[in-house]
Amino acid sequence: MKLLKQLTGASLAIAISAMASFTPTTAQAAGKLLKAPDPDWTGGVVTCRLIEFIIADWGYKVKRVTIPSGPAVAEALRAGDFQYACESWPTYSTTKEKFIKKWGGDGSIAYLGEVGVVGESGYYVPRYVIEGDEARGIKASAPDLKTWEDLNKYKEVFKSLETGDKGRLIACPVAAWECKDAERIAALKLDYHPVELGSEAAHWAEMQASYKRGEPFLAYTWEPHWIHAALDLVEIKLPDYSAEAWPASDWAQDITFNYANPDFVKEHPRVAQLIKNMNLTNSEQAKMIYQVDVKKRKLDEVVREWMSQNEAIWKAWVPGES
Amino acid sequence: MSAVEHQSQNTGPLGIPEKWVLPGGVALGLAVSIIIAMQMSEQTKLPAAITEKFLIIDWINVAEQWLKDNYQEATRKFAAVIEGGLEWLDEFLLFKPWVFIVLGFALPSLAFGGLRLALLSIIGVCFWGSMDMWDPAMSTLALMGMSVLLSVIFGVGLGILCSQNDTVEAIVRPVLDTMQTMPSFVYLIPAIFFFGIGGAPAILATMIYAMPPMVRLTNLGIRQVPDNTMEAAKSFGSTRLQTLYKVQIPLALPSIMLGINQTVMMALGLVVLATFIGAGGLGDEVWQALRQLNVGWSLEGGLSIVFMAIIFDRLSYAMSGKVTKPALGPGQLEFRFLPQSWDGKSAAIAVERVINAIWHVVAAGGNAFARFIGTVIYTLTRIFSADFAGRIFAWVTQHAFLVTGLALLYAVLLFDQHVTAIGDYPDALKFTLRGPVDRAVDWLVVDPTFVVITKAIRAFTYLYLLNPLVKFLTLLPWWYTIAAFGIVAWLSVGWRFAIAAMLCLFFVGAGGVWIFAMETLATIVVCVLVCVTVGVPLGVAAAYNKTFDTLLRPLLDAMQTMPAFVYLIPVLMFFGGNIVSAVIATVIYAVPPVVRLTTLGIQQLPQEINEVSTSFGSSTAQDLFKIKLPMALPSIMLGLNQAVMMALAMQVITPLIGGRGLGHQVFDALNTANTGKGLLAGTGIVLLAIILDRLSQAWSATQRKALGLD
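Each protein sequence line maps, in turn, to chains A and B.
Be aware that the first sequence starts at 1, since it is given in this note's numbering, and climbs by one per residue.
Be aware that the second sequence starts at 1001, since it is given in this note's numbering, and climbs by one per residue.
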């Protein structure tokens, strides 16, 4: 019985403390609260944050939601759970043909122009594998490795416990990205085994740990990315991209784009126009990625710093008041 | 002893001693299966005629599409209501001064658990602030508060229903089992479709996982009310409803409180995973840190979660009234802060005297304050009704702690609003673990000795355990495996279960995920093997050495409450991205019950056993291996059972660092938003869990019987 009374007391306590005033935030009151996914790679977050900080001056507040990029984001955009999303990489998008008009989709997601960042994906090895590193006492283990055609010659160098007598390719980590590493390897007749580590974090961790130990590895990576600032990597050339040969070729260049819910474009034309206007180059984005991922600085701080130093660049994207 | 001797003399047909029949049969079956597997060149799969007709993935996705077309609007509206409640709670917590939140935890802790618990609460809550995790911690609190609130409301309701009707209970029970074992990643994606992004789907997903213990313990508590109590209530002419509300539910309250305790712990576990559907909070911090390979940061987030779990666990446990205070001798001082066992040390007594004095002064102050408030209210209300005023006065003075506590909380708010803003958690109290932790990890990654050790472990586990077992299980024809499971299930549990188990396995095969299921099975077997080789010796050591036990306990607690994301990256950096890392991460999570139950099994043995064996002059080793370990076997088996269940639960997390099998399928489905694929693989995990659970429980029961413990 005593417990029951105590519980009543506790709920009373909660009720009384809850009476303390609650007022909705001003952004919410003015209908300027937006929701957008926070991309799961640093470059994307930088792009997103730029938009967010610019529109914050116009009274907008963006609620960021961390969620793995992929079909779930597309579904949420269509349903209006998200208003816009930044920096989609076309090669990795499996839903663009279904939902975006530009690719023949039904238009349930609006295309909001190019970001300016152009992505390049490919296979890389550490420089010390080819040239050695005297300072660290590493001998070149594959001195003549230049293109994919040399890979079979050096498969012994890259083999691992799990791949037996085949070489190991640290492949695209997430199946949903549709990198088609297994198909590429088969088509190019490479005697390698693609190992999918399951998450980006695992991918970079494996590369970094191997690099620190000076071990040879062959890994899928893209640019712009902080890993190139942290590790000295050399790209192994694949056959040039062509739609017919894919996936037995290099990746197409990824002209990244922003996308949004169509209603949002109508209701917030100025924000939509800003997102369309934005033009962030690889080198500018890479500067910020480096500060965040290699220098371990806080992302928001880095983006604000870049904005204060490069006003000319982002002010050019801002559309006039309508 | 005589029963055992008697058995060994029995001979079966062909003059083979009976005790050799079972091991012999198992050995023969294994030998045959190895020979068969070695003949196979391709992985086994069910005939295409079956798998091509049984397109369960497509069927599920069609059904989902239909639900989406017809009910999405309704579910979205429902979600909006929940989201509203959550946002309100979130902002409420976020905009309160930090002192208010600290007191909000410390005061109930003081009331139910005394000074020590209050101090723990203060340290825990301040830790969030010190790690600069205040805002995410508040989000997680809000998310958990809403999930637990809804779970309690629906759980108690369903529990009451179950307790009143056996048919309802029989239907609900397997549903609850499935809710608990189904990997949550399976329903995260449909949750997005139907409930949107963010808080609402996270809360509903959390409820699926965290509600079952609430239902179970409410049901149990009500059913445990003694019959004669019920008879008495009935004889006084109470209706069924009156008996329920006035007798059964109040008597079941401790059990219900224990249910809340379990629900809170499970909700906290899932709230971290819900970051995958945008729930935010502490789980998000850990996930972001993981993505940036920032081990120190993720450890900060992880420890914040551990502290939250410990506070909630101890507090709700204290509230369930299960804590008993040690009996005090006459004139003995009650120790409020230091362990009572330190009584007798003069320094300890001196400290406690001071604490006791302060305690009494504060209590007197509180009482006086409550009397004052009571008198004020009494004087005001007496004008209307003297009787009513008297009752209020009595209530207020009897609840001096509650009244004073509320007044204190309100005073903090008033001070914050009208005197000076207390503001955010002070920067001066902040500190960080990132630097040292990151340096330690960096150093270990390249340390030559450590690298040699980790490489050896990796090579051994892969070459001699995992790889052969995976090859064996995937090459062995499916019908052989199913038959073997059927025979084992028949011998250990019974023919009904054997048929059910075989049907379950056939379902998995027909759905087209046989190979993945075998990979998972192999991983689980290896994980459990490692758990035993590591866990049992640790458990024995803890049983023999009290200091070791005391040191090990908090570590085990942390291993179980720390979100797995935190140690995934260090494990991967040390052991490389591969299935061995997945095994090691699984072992970290699943080994604590093995250690705990080994220690418990040995400690629980009656004292006489010790004395008898020493009187026969047995050495410690003999004593351990010949007597204690065999006697503790049922307990260890129970630990193994739990390890198996936990290892299975971990299978959906380890794909993040290279785990394979059904868990990888579930994870893939989450990434590609393929509900059918996820549900099929998830069902596979559930079915494996049910089969392994029943088998290991049956073995444990047989052991208990053989030892005469039942």
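For glycine and all other residues, C-beta sits at the position ideal for the given N, C-alpha and C.
Here the structure is a predicted model, which means the values were calculated and not measured.
With distances taken between CB atoms, is the gap from residue i to residue j smaller than 7 Å?
i: P1634 of chain B; j: Q1703 of chain B; result: yes
i: I1392 of chain B; j: I1377 of chain B; result: yes
i: G1321 of chain B; j: P1254 of chain B; result: yes
i: A1647 of chain B; j: I1457 of chain B; result: no
i: T1263 of chain B; j: S1151 of chain B; result: yes
i: F1575 of chain B; j: T1454 of chain B; result: yes
i: V1686 of chain B; j: T1181 of chain B; result: yes
i: I1311 of chain B; j: G1124 of chain B; result: yes
i: S1304 of chain B; j: W1128 of chain B; result: yes
i: G1259 of chain B; j: L1217 of chain B; result: yes
i: P126 of chain A; j: Y192 of chain A; result: no
i: I1203 of chain B; j: S1147 of chain B; result: yes
i: K251 of chain A; j: T91 of chain A; result: The sequence as given places Trp at residue 251 of chain A; Lys does not occur at that position. Contact: yes.
Could you check which residue in the options has the C-alpha nearest to that of residue i?
i: Q1604 of chain B; options: B:D1284, B:Y1544, B:L1273, B:S1346; result: B:Y1544
i: A1632 of chain B; options: B:I1685, B:I1690, B:P1537; result: B:P1537
i: A1200 of chain B; options: B:K1053, B:F1574, B:G1280; result: B:G1280
i: A1357 of chain B; options: B:R1336, B:A1370, B:Q1340; result: B:R1336
i: I1036 of chain B; options: B:K1626, B:A1585, B:P1477; result: B:P1477
i: Q273 of chain A; options: A:L112, A:W41, A:K63; result: A:L112
i: D1438 of chain B; options: B:G1296, B:P1426, B:Q1398, B:V1470; result: B:G1296
i: G1145 of chain B; options: B:V1595, B:G1085, B:V1666; result: B:G1085
i: V1272 of chain B; options: B:G1617, B:A1582, B:Q1288; result: B:Q1288
i: K237 of chain A; options: A:A76, A:Y124, A:G107; result: A:Y124
i: D81 of chain A; options: B:W1059, B:F1193, B:I1171, B:V1587; result: B:F1193
i: R981 of chain B; options: B:L1662, B:I1657, B:G1661; result: Because chain B in this structure spans residues 1001 to 1710, residue 981 of chain B falls outside the shown range and cannot be described.
i: L1408 of chain B; options: B:L1692, B:T1243, B:V1099; result: B:V1099
i: W41 of chain A; options: A:P269, A:A79, A:A76, A:A201; result: A:A201
i: E311 of chain A; options: A:I255, A:S93, A:L280, A:T256; result: A:L280
i: A1501 of chain B; options: B:D1447, B:A1585, B:N1219, B:W1479; result: B:W1479
i: Y1209 of chain B; options: B:G1155, B:P1250, B:A1400, B:G1198; result: B:G1155
Can you tell me whether residue i is buried or exposed? The criterion is at least 16 other CB atoms within 10 Å of its CB, across all chains shown.
i: W1020 of chain B; result: exposed
i: S308 of chain A; result: exposed
i: R49 of chain A; result: buried
i: F1431 of chain B; result: exposed
i: P1655 of chain B; result: buried
i: T1404 of chain B; result: buried
i: N1070 of chain B; result: exposed
i: R1496 of chain B; result: exposed
i: E1711 of chain B; result: Because chain B in this structure spans residues 1001 to 1710, residue 1711 of chain B falls outside the shown range and cannot be described.
i: W58 of chain A; result: exposed
i: S1298 of chain B; result: buried
i: L1505 of chain B; result: buried
i: T1461 of chain B; result: buried
i: V1062 of chain B; result: exposed
i: H1418 of chain B; result: exposed
i: Q291 of chain A; result: buried
Beta carbons nearer than 8 Å to chain A: which residues of the stretch 1181-1211 of chain B have them? I1189, I1192, F1193, G1196, I1197, G1198
Near-chain A residues of the stretch 1268-1285 of chain B (beta-carbon distance less than 8 Å), N- to C-terminal order: T1275, F1276, I1277, G1278, G1280, D1284
With 8 Å as the C-beta to C-beta threshold (strictly closer), list the residues of the stretch 1672-1688 of chain B near chain A in chain order. T1672, A1673
Determine which residues of the stretch 46-70 of chain A have a Cβ less than 7 Å from any Cβ of chain B, and write them out in chain order. V65, T66, I67, P68, G70
Within the stretch 65-125 of chain A, ranges of the beta strand (DSSP E) (whole runs, at least 3 residues): 84-88
Which of the residues in the stretch 179-205 of chain A, read from start to end, lie with their CB under 9 Å from any CB of chain B? V195, E196, L197, G198, S199, E200, A201, A202, H203, W204, A205
In the stretch 154-172 of chain A, which residues sit with their C-beta less than 9 Å from some C-beta in chain B, listed in chain order? S160, L161, E162, I170
Quick check on the DSSP output: what are the complete alpha helix (DSSP H) runs of length 4 or more inside the stretch 1592-1635 of chain B, in order along the chain? 1607-1615
Residues in the stretch 80-93 of chain A having any Cβ partner in chain B nearer than 9 Å: G80, D81, F82
Runs of 4 residues minimum, wholly inside the stretch 1377-1412 of chain B: which ones carry the alpha helix (DSSP H) assignment? 1386-1398
Please name the residues in the stretch 1442-1460 of chain B whose beta-carbon is closer than 8 Å to at least one beta-carbon of chain A, in chain order. D1442, V1445, V1446, V1451, R1458, A1459
Tell me the start and end of each unbroken alpha helix (DSSP H) in the stretch 158-235 of chain A that is at least 4 residues and wholly inside, in chain order. 181-187, 200-212, 227-230
Residues from the stretch 29-41 of chain A in contact with chain B, defined by Cβ distance under 9 Å: K35, P37, D38, D40, W41
Could you name the residues of the stretch 284-304 of chain A whose beta carbon sits closer than 9 Å to any beta carbon of chain B, in the order they occur along the chain? V292, D293, K296
Can you give, in chain order, each stretch of the alpha helix (DSSP H) that sits fully within the stretch 1501-1542 of chain B and has at least 4 residues? none
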